[in-house]
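**Q** Residue 169 in UniProt numbering sits at position 169 of the sequence shown, with consecutive numbering throughout. Every residue gets a Cβ at the ideal spot worked out from N, C-alpha and C, and that includes glycine. Note that the structure is predicted; figures quoted are calculated from it, not measured.
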Amino acid sequence: MEKYPFTIPDVLLSSNAPGARPMPVIGLGTSADPLDPVAMKLSVIEAIRLGYRHFDTAPLYGSEVPLGEVLAEAIRLGLVASREELFITTKLWCSDNHVDRVIPAIQNSIRNLQLDYLDLYLIHWPISCKPGTYAYPVDEEDLMPMDFKAVWAAMEECQRLGLTKSIGVSNFSCKKLETILGFATIPPSVNQVEMNPVWQQKKLREFCLANNIFITAFSPLGGSGTSWGTNLVMENEILREIAKAQEKTIAQICLRWLYEQGVTFVVKSFNKERLRENLEIFDWELSEDDHEKISRIPQKKTMLMEKFASPKGPYKSVEELWDGEI
C-alpha cells in the first residue's frame with residue numbers, strides 16, 4: 001500500500017485508560033450539511049490511504065453508521081492493520097445528557113460504529129434537552145439545565161467499564177470546565193471547540209493548558225458552506241497575504257497556526273486534493289511576523305447560540321441558560 005510521506009504527530013491525553021492510543025493531532029470530521037454517505041465513505045478510504053487515523057463523528061451528524069461500515073471495510077481490505085491503529089471520537093447528544101441515558105447512548109454509538117470501544121467520548125454541548133429528541137437547532141422549549149455532576153459521573157463510568165479509552169467535552173467555556181473539574185475523579189482530556197484565526201480562544205487555551213486539557217479545534221477553516229459557518233476565515237486578507245508569501249494555501253496557514261498553538265484539530269473535507277494538502281503542514285513553520293499579523297485579526301465567533309436553538313421557549317435567550325458565557 002502506498003503511504004503518504006508525512007507522519008502525523010500525536011499527543012498523549014492526560015486521563016487515558018491503560019493501553020490507550022495517542023490521539024493524532026489532525027482528524028477527519030464527518031459532519032456535513034447535508035451528509036452524502038457515499039461521498040463520506042470515499043473520503044474516509046482516501047484519508048486512510050493518505051495516513052489519517054483519527055475520525056470524528058456524532059449521533060447528530062448521522063455519520064456513525066456509514067463511518068462504521070467504511071472502517072470495517074478498510075480493516076477487512078488491510079488498509080489499516082487493525083482497529084488499534086484507529087482513533088475514533090464520537091459524542092453524547094443533549095437529549096442523552098441525563099444520568100440514566102449516558103451508558104445506553106455510548107453503547108448505541110459503539111454498535112453503530114461496529115466497534116468494541118471508543119477512543120474518545122465527548123459531551124457534545126453543556127446543556128440537556130428533552131429525551132428522545134435528535135434535532136438541530138433544538139427548540140428552546142425543549143432545553144433544560146444539565147446536571148453536570150451526575151452526567152459526568154456517568155461519563156467516568158463509561159471509561160471505567162472500558163467503553164471508551166478517554167472522556168472529554170465539547171463547546172465548554174472556562175466556567176463550565178471549572179464546574180466539571182470541581183468534582184471530577186477523571187478530568188476531561190479534551191475540549192472540542194470552535195477555533196481558527198478569526199476566533200482564537202486565547203483565554204480558553206490558557207485555561208485548558210493550565211489544567212492538562214487538550215483543545216481540539218472544529219471549524220478550523222471557518223466551516224464555510226455550512227449552516228453554522230462563515231467565509232470570514234478563507235476570505236481573510238491577512239491570511240491571504242501570509243499564504244502568498246509562504247507559497248501555501250490559506251487552509252494550510254490556518255492549520256499550521258493551530259498546530260503551533262499546541263492544539264489538535266478536525267477538518268472536514270471530502271475532496272481528495274484538499275485531504276492531501278491538509279497533511280502538508282508539518283515540515284515548515286510560520287514566522288514571528290506571521291504570528292504577529294494573525295494575532296491582530298479582528299475576532300468574531302461564528303457558531304452563535306442563536307443557531308443552536310430556535311427561540312420558542314420561556315427563556316429570553318439561549319445565553320441565559322449558559323450563564324452568559326459560551
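When we look at the beta-carbon of Asn-212 and count the other beta-carbons within 10 Å, is it buried (16 or more) or exposed?
**A** Under this definition Asn-212 is an exposed residue.
**Q** For His-54, which residues does DSSP report across the bridge?
**A** In DSSP, His-54 forms a bridge with Phe-87.
**Q** Does the count of Cβ pairs from the region 182 to 193 and the region 227 to 242 closer than 8 Å reach three?
**A** Cβ pair count under 8 Å is below three, so no.
**Q** Whole-angstrom Cβ separation of Ile-106 and Leu-163, contact assumed at under 8 Å?
**A** Sure, about 5 Å apart at Cβ, within 8 Å.
**Q** Should the region 199 to 213 be regarded as contacting the region 243 to 250, the criterion being three or more beta carbon pairs within less than 8 Å?
**A** These segments do not touch.
**Q** Whether or not the region 261 to 270 and the region 10 to 30 are in contact is what I'm after, with contact meaning three or more pairs of Cβ atoms, one per stretch, closer than 8 Å; do they touch?
**A** Result yes; three or more Cβ-Cβ pairs closer than 8 Å.
**Q** In the region 170 to 239, which residue ranges form an unbroken beta strand (DSSP E) of at least 3 residues, counting only runs that do not cross its ends?
**A** Qualifying beta strand (DSSP E) stretches, in chain order: 190 to 194, 214 to 218.
**Q** Buried or exposed: Thr-30, going by 16 or more other Cβ atoms within 10 Å of its Cβ?
**A** Answer is buried; the Cβ neighbour count reaches 16.
**Q** For Phe-265, which residues does DSSP report across the bridge?
**A** Phe-265 pairs with Ile-26, Ala-217.
**Q** Quick one: what does DSSP say Val-11 is sitting in, helix, strand or coil?
**A** Residue state, collapsed to three classes: strand.
**Q** Can you tell me the Cα-Cα spacing of Leu-67 and Ser-43, whole angstroms?
**A** Taking the straight line joining both Cα atoms gives about 10 Å.
**Q** Sorted by chain position, which residues of the same chain lie with C-beta nearer than 8 Å to Gln-114's C-beta, five sequence neighbours on each side aside?
**A** Gly-68, Glu-69, Leu-71, Ala-72.
**Q** Using a Cβ-Cβ cut-off of 7 Å (strictly less than) and excluding sequence neighbours within five positions of Ile-297, which residues of its own chain qualify?
**A** Cβ neighbours of Ile-297 beyond the five flanking positions: Pro-197, Val-198, Asn-236, Ile-238.
**Q** Could you check the C-alpha separation between Met-195 and Ile-88 for me, to the nearest Å?
**A** Met-195 and Ile-88: Cα-Cα distance of roughly 21 Å.
**Q** Go through its chain and collect everything with a Cβ distance to Glu-84's Cβ below 7 Å, but skip five positions before and after it.
**A** The answer, listed in chain order, is Arg-21.
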